[in-house]
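Novice: In order, the protein sequence lines correspond to chains W and S. Residue numbers are given in the working numbering: position 88 of the first sequence equals residue 95, and the series is strictly consecutive. Residue numbers are given in the working numbering: position 27 of the second sequence equals residue 456, and the series is strictly consecutive.
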Amino acid sequence: GAVVSQHPSWVICKSGTSVKIECRSLDFQATTMFWYRQFPKQSLMLMATSNEGSKATYEQGVEKDKFLINHASLTLSTLTVTSAHPEDSSFYICSAKLTLSNQPQHFGDGTRLSIL
Amino acid sequence: QKEVEQNSGPLSVPEGAIASLNCTYSDRGSQSFFWYRQYSGKSPELIMFIYSNGDKEDGRFTAQLNKASQYVSLLIRDSQPSDSATYLCAVNGFQKLVFGTGTRLLVSP
Chain W
8 GAVVSQHPSW
18 VICKSGTSVK
28 IECRSLDFQA
38 TTMFWYRQFP
48 KQSLMLMATS
58 NEGSKATYEQ
68 GVEKDKFLIN
78 HASLTLSTLT
88 VTSAHPEDSS
98 FYICSAKLTL
108 SNQPQHFGDG
118 TRLSIL
Chain S
430 QKEVEQNSGP
440 LSVPEGAIAS
450 LNCTYSDRGS
460 QSFFWYRQYS
470 GKSPELIMFI
480 YSNGDKEDGR
490 FTAQLNKASQ
500 YVSLLIRDSQ
510 PSDSATYLCA
520 VNGFQKLVFG
530 TGTRLLVSP
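(1) Would residue 471 of chain S count as contacting chain W if we go by Cβ distances under 9 Å?
(2) Mapping the DSSP letters down to three states, classify residue 95 of chain W as helix, strand or coil.
(3) Does residue 109 of chain W come within less than 9 Å of chain S when only Cβ atoms are used?
(4) Can you check whether the CB of residue 494 of chain S is closer than 9 Å to the CB of residue 505 of chain S?
(5) Leaving out five residues before and five after residue 84 of chain W in sequence, what residues of the same chain have Cβ atoms less than 6 Å from its Cβ?
(6) Are any of the Cβ atoms in chain S nearer than 9 Å to that of residue 68 of chain W?
(7) Taking one C-beta from the region 508-524 of chain S and one from the region 451-467 of chain S each time, how about it: are there three or more such pairs within less than 8 Å?
(8) I need the straight-line Cα distance from residue 468 of chain S to residue 90 of chain W, nearest angstrom please.
(9) What does residue 46 of chain W reach in chain S if we use C-beta pairs closer than 9 Å?
Next up, the structure:
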């Protein structure tokens with residue numbers, strides 16, 4: 008099946024640091040990748056849709072200058088949390104899907120971000 | 430009204446029983462429906478997807494879709510303690526998936 012790799016799996020850093028998370032589709036080309044955030048005991052919250060070669064589409068309430076997304080190739084999207092603060096601590100998960108609109112999304116293993 | 434609704438549970442079933450998880454959706458134009466399993470602290474894992482009315486079976490899992498009633502369900506036969514997790518129903522919206530809040534399933538030995 009489709010494999011999505013996400014790295015790193017765990018990050019602990021000081022407040023004010025910028026953190027980059029990578030999402031790779033290993034065995035298929037993903038024109039669209041998605042970034043989610045999940046707080047404890049809550050459901051997934053879509054942050055943005057990342058389209059290869061174009062600007063990401065952010066959901067309402069998500070600051071595009073704080074959460075920088077780059078999707079430079081068909082197999083790699085990155086999310087950079089800039090100047091992270093404790094309230095940004097969360098579980099960040101990426102997903103990727105094949106081009107056809109009705110195909111399922113396949114999720115990476117997630118990145119647990121802890122800002123001290 | 431939420432776009433995708435699920436009972437949060439927990440749904441408790443004994444080992445070996447059939448677990449029935451239900452989901453309703455509001456967009457009548459939805460075409461693709463997915464069930465994901467999420468263990469605590471882990472990311473979602475695709476279990477089943479269904480596009481047409483009726484049943485779709487894969488091992489112990491059966492997805493059921495009724496577009497007229499805007500209803501999707503997931504049946505888990507011979508439930509095992511390892512099936513204990515949160516099950517997320519997702520429906521294809523415009524260029525993105527719309528998730529329900531999930532149903533927590535507890536399978537007791």
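Note that CB positions come from ideal geometry on N, CA and C, so glycine has one too. Being a predicted model, the structure only gives us computed values, none of them experimental.
Specialist: Put simply:
(1) yes
(2) helix
(3) yes
(4) no
(5) 30, 40, 57 and 78
(6) no
(7) yes
(8) 30 Å
(9) By Cβ distance, chain S contributes nothing, its closest Cβ being about 13 Å from residue 46 of chain W, past 9 Å.
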